[in-house]
Amino acid sequence: MKLSRIVIGIAAVALVGCAGNQQAMERSLSQAEGVKTVADESKLDAALTANAAADLDSAKAYAEQGEEELAIAAADKSALEYKLAVLSAERDSLKKADARLESELRGDVERKLIYQSILDQETKGAK
């Protein structure tokens with residue numbers, strides 16, 4: 001009697017664990033798909049997202065085979081690679097914008113010095 005309760009308890013915990021893994025796997029796949037959508041909308045270079053796409057395909061294959069742990073790992077890796085690609089592209093874009101703004105600022109400083117020089121000359125000439 002006691003043994004059967006233990007066996008039933010272990011079976012129940014195993015089923016709950018499997019359901020938990022199933023939900024975790026679905027969540028990981030969903031997150032990876034979501035980040036993939038963002039990456040696709042950002043029109044990133046395919047070379048930057050090739051590994052992420054391959055990992056997402058692997059995650060889907062593992063999920064179909066019932067390999068939940070491997071599917072979760074591959075989906076999480078894919079999501080991280082997509083995020084890295086998106087953030088790297090954003091960083092590169094910000095670097096370009098920063099360089100452009102620095103160039104404009106240098107031009108503004110040069111114009112200010114020219115105007116200050118002209119103002120100084122006119123002020124000296126008026127005295």
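Per my numbering, residue 1 is the first one in the sequence shown, and the count goes up by one each step. For every residue, glycine included, the Cβ atom is placed at its ideal position computed from N, Cα and C.
Three-state class that DSSP yields for Lys43 in the structure shown: coil
Rounded separation between Gln116 and Gly107 - CA only: 14 angstroms
Nearest candidate by alpha-carbon position, reference Ala46, set Ser30, Ser28, Glu81 and Gly34: Glu81
Outcome for Asp55 when other beta-carbon atoms lying within 10 angstroms are tallied against a minimum of 16: buried
Rounded C-alpha distance that separates Thr123 from Leu113: 15 angstroms
Contact check, Ser88 vs Leu48, beta carbons under 8 angstroms: yes
Reduced DSSP category for Glu33 - H, G, I as helix; E, B as strand; rest coil: helix
Buried versus exposed call for Glu110 [16 or more other C-beta atoms within 10 Å across all chains shown]: exposed
Between the CA atoms of Leu29 and Ile72 - distance to the nearest angstrom: Leu29 has its alpha-carbon roughly 7 angstroms from the corresponding atom of Ile72.
Within 8 angstroms, strictly: CB atoms of Lys96 and Val35: no
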